[in-house]
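Following: one structure in structure tokens, then a few remarks.
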Amino acid sequence: MKALRFHAAKDLRVEDIAAIPAPGPGQVAISNRFVGICGTDLHEYAYGPIFIPTAPHPFTGSSGPQVLGHEFGGVVTAVGAGVTHIAVGDRVSVQPLIMPRSGDYFADRGLFHLSENLALAGLSWISGGMAEGALLNDYNVVKIPDTMSDEEAALVEPTAVAVYACDRGQVTAGNAVLITGAGPIGILTALTALAFGATKLFLSDLNDTRLELAKKILPGVIALNPRRDDIGAVIRAATEGGVGVDVALECVGNEKALQSCLDAVRKQGTIVQVGLHPGNSGLNWHNVTFKDVDLRGSWAYPTHLWPRVIDLIASGAIPASKVVTKKIRLDEAVAEGFDVLLDPAGTQLKILIDLT
């Protein structure tokens with residue numbers, strides 16, 4: 270079958286590889302339909318290997334070359350013994366986290382995403398979404414309703430990141446919310462905040478092209494560029510009592526963006542760090558204490574979120590497909606996908622690879 274595999278930084282190859290094996294007990298085989306190119310994939314391409322193991326993964330045994338892609342869905346083509354919740358022909362969304370199901374401190378508590386032995390389809394597993402087929406565990410596939418498109422099935426994973434971030438921030442009706450970063454995760458987080466009832470939404474980014482795209486997707490959003498706007502001052506002037514936002518969600522992994530969040534959030538507000546920082550970050554800890562804020566991390570998502578996120582998208586509550594700006598074929602993935610998304614001009618948001 271055809272697949273896009275990571276060999277080294279700046280070395281992605283579309284090549285023919287062996288077809289996936291027949292599923293064993295508790296496994297499911299699918300024919301992939303759409304897969305998204307994620308920021309994590311871009312970082313692997315530009316600077317990797319980062320999460321892709323250079324030696325066999327301690328839990329999965331996986332090692333390169335790695336089929337990329339963890340935002341995907343498809344159609345079930347075969348099921349192994351003991352699989353009862355899914356059948357051949359079902360359309361599914363893939364929950365890509367792979368980990369021990371028991372015998373692990375966090376797994377035993379249902380916190381599978383926090384397992385020390387965590388692996389991901391498309392990063393440290395035999396299969397990924399950027400191939401014609403994938404072999405997965407039964408807990409990795411969730412049936413989608415007829416009202417959900419194949420394209421939307423590939424958007425459940427990044428939307429789950431956004432839903433969990435808003436859960437961590439306890440975003441609720443009437444909140445004023447700041448999101449830093451107008452990339453796909455930032456905009457999905459903004460769409461989720463609106464679905465949760467936020468009534469005043471601020472979005473900051475250094476890229477005016479992306480801010481313009483965001484304004485088309487999010488009518489009424491107050492778009493800010495820190496190169497010319499004093500984020501904290503603008504937000505205080507636009508919020509009740511001049512106190513700032515209730516919740517700030519940092520979706521970049523950037524020190525200055527985190528500082529903006531602290532400046533813009535009200536006393537006893539909540540900051541959620543969603544983007545991964547590349548290193549240590551300076552923060553005014555006096556203000557963290559003085560403003561009595563909660564500062565929380567948001568890592569991936571609990572795996573039990575999948576049915577809820579599917580419902581949020583399928584119902585239209587979170588119109589996730591609005592972030593898709595381009596669809597390409599697998600043979601075009603590097604030149605028309607990865608390289609385009611790494612262009613500082615930022616003319617695209619989410620690019621889906623069509624494997625149908």
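Mind the numbering: the sequence shown is residues 270 to 625 in the numbering used here, read in order. Glycine is no exception: its CB is placed at the ideal position from the N, C-alpha and C atoms.
Note on Y314: 16 or more other CB atoms within 10 angstroms of its CB, so buried under the neighbour-count rule. Take C530, set aside five residues on each side of it, and the residues of its chain with a beta-carbon closer than 7 Å to its own are L447, T449, A517, E519 and I540, in chain order. One thing to note: N386 has its Cβ no nearer than 8 Å to the Cβ of P414.
In this structure A347 is not in contact with V336, their Cβ atoms being roughly 18 Å apart against a cut-off of 8 Å. Here A467 is near N444, since their CB atoms are less than 8 Å apart. Judged by DSSP in its simplified three-state form, L463 adopts helix. Under the DSSP assignment, G402 falls in the beta strand (DSSP E) whose first and last residues are G402 to N406.
Looking at the DSSP output, I491 bridges to F471. CA-CA distance, Y408 to H354, rounds to 9 Å. A residue is called buried when at least 16 other Cβ atoms come within 10 angstroms of its Cβ; S473 meets this threshold and is buried. Each of K536, M417, V557 and N549 was checked against the Cα of I579, and the nearest Cα belongs to M417.
Burial state of P453 is buried, judged by a 10 Å Cβ sphere holding 16 or more other Cβ atoms. Per DSSP, H276 is one residue of the beta strand (DSSP E) stretching across K271 to A277. Using a C-beta cut-off of 8 Å, the stretch 473–484 makes no contact with the stretch 392–411, since fewer than three inter-stretch Cβ pairs fall below that distance. Annotation for G615: N476, T478 and R479 place their beta carbon closer than 6 Å to its own, counting only its chain and skipping 5 residues before and after. Within its own chain, the residues whose Cβ lies closer than 6 Å to the Cβ of D563, once the five positions on either side in sequence are excluded, are T539, listed in chain order.
A distance below 7 Å between beta-carbons, with the five flanking residues on each side excluded, links G293 to the following residues of its chain, in chain order: G349. Residue pairing for T449: DSSP places it in a beta bridge opposite S473 and E519. If you draw a straight line from the Cα of H326 to the Cα of L574, it is about 26 Å long.
In this model, D600 and S567 are separated by some 34 Å (Cα to Cα).
In this structure, the CA atom of V425 is about 35 Å from the CA atom of W554. Under DSSP, the beta-bridge partners assigned to A298 are A347 and L404. The Cβ atoms of A589 and L460 sit closer than 8 Å to each other.
If you draw a straight line from the Cα of K536 to the Cα of D561, it comes to about 6 Å. Ranking F381, H382, M399 and I321 by CA distance to the CA of H339 puts M399 first.
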